[in-house]
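Residue numbers (the numbering used here): 126 to 471.
For every residue, glycine included, the Cβ atom is placed at its ideal position computed from N, Cα and C.
Fair warning: this is a prediction, and the values are worked out from it, not measured in the lab.
First comes the structure, then the notes that go with it.
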């Protein structure tokens, strides 16, 4: 397994990290089992957020009574979606309490739509510096789905890590961002390594990521079977051999163009449409086939699409600039064809 050093932080960890967003969907007992197994299997970097319901609480329960033996061997990254210094302070205290630790290795502005700087009038960067100086956080990071914001953050010299979606479906500009982060000695934390579930071959995802020695992928995990799949790569990391290169090239051709990553930042919809799944239903039917997608529940959800009032709020909030209403329309038409048997899901 390759080791990654996250830029100027000096944090060095296996290139195989734990994304703790999905763990909120596991019950408490199972979540603790999964988290402890991840550490036992060699994972040392765990990424969570105050916005991930009880994810921080589960990490604290899994490791809290073990911190005296292992805290210096584990790196915890969490996030705040606060927009004022007062909210940052309050959320940081909550995170420390739930994680049962007295410091956080990387504290990140969550889903930023701007690059906060000292003296910009918000006080946001200043409050992070204050937390760092007090020892409550070790390093300042930022996460975003907006490429322009990510470039600003990397070039600013203010953020020690930048978290951004990165997978083998990345554009040339996104690959340029990863290379720039290396040049600027900024840690690059790669979220959405499976493109929100559209990438279904973990070996290909891992092989692609291993080409970038400065990128740390955080794989979203909610089941023990998923964890074991990633832990298997600790001993034998998939390589970008000729067959893998050909496979990824075909995947890129198939998924070229506009598609929903399922991030959910377009939500909520005033008409109750589950945009983050409905706007990519055609791809999910073909790439993650399941009878559940055609069951009564999802038929009910997809049948909300014709009720779209074209308020375009989802389009304005989409970090990828997608024409979300048009994607919904196309997915609905395809879904109806699949249900009627006019189109095959394979």
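For residue i, the three-state DSSP class (helix, strand or coil)
i, result
"residue 259", "coil"
"residue 233", "strand"
"residue 471", "Its pLDDT being 49, under 50, residue 471 is placed unreliably by the model, and the measurement read from it follows with that caveat. Three-state DSSP puts residue 471 in coil, outside helix and strand."
"residue 128", "strand"
"residue 324", "coil"
"residue 460", "helix"
"residue 338", "coil"
"residue 141", "coil"
"residue 152", "coil"
"residue 188", "helix"
"residue 427", "helix"
"residue 136", "coil"
"residue 222", "helix"
"residue 364", "coil"
"residue 454", "helix"
"residue 380", "coil"
"residue 242", "coil"
"residue 177", "coil"
"residue 352", "helix"
"residue 415", "coil"
Burial state of residue i (16 or more Cβ within 10 Å)
i, result
"residue 407", "buried"
"residue 230", "buried"
"residue 264", "buried"
"residue 453", "buried"
"residue 377", "exposed"
"residue 153", "exposed"
"residue 300", "exposed"
"residue 471", "Bear in mind that the predicted position of residue 471 carries a pLDDT of just 49, short of 50, making it too unreliable to give a figure here."
"residue 413", "exposed"
"residue 250", "buried"
"residue 131", "buried"
"residue 182", "buried"
"residue 185", "buried"
"residue 434", "exposed"
"residue 335", "buried"
One or two residues paired with residue i in a DSSP bridge
i, result
"residue 435", "DSSP, once it has assigned bridges, lists no residue as partnering residue 435."
"residue 400", "Residue 400 pairs with nothing; no bridge assigned."
"residue 204", "233"
"residue 344", "143"
"residue 171", "143, 201"
"residue 163", "Note: residue 163 sits in no beta bridge, so no partner."
"residue 315", "289, 342"
"residue 265", "232"
Residue i Cβ short of 7 Å to the ligand MN heavy atom set
i, result
"residue 415", "Among the components of this structure there are no ligands whatsoever, and the ligand MN is therefore not found."
Cβ pair residue i, residue j closer than 8 Å
i, j, result
"residue 268", "residue 204", "yes"
"residue 346", "residue 315", "no"
"residue 151", "residue 171", "no"
"residue 356", "residue 167", "yes"
"residue 279", "residue 302", "yes"
"residue 226", "residue 192", "yes"
"residue 427", "residue 390", "no"
"residue 380", "residue 419", "no"
"residue 387", "residue 321", "yes"
"residue 429", "residue 398", "yes"
"residue 157", "residue 187", "yes"
"residue 292", "residue 324", "yes"
"residue 444", "residue 216", "no"
"residue 362", "residue 127", "yes"
I'd like the ranges of any beta strand (DSSP E) spanning at least 3 consecutive residues and lying wholly in the region 267–313. Taking only runs of at least 3 residues, the beta strand (DSSP E) segments lying wholly in the region 267–313 are 286–290.
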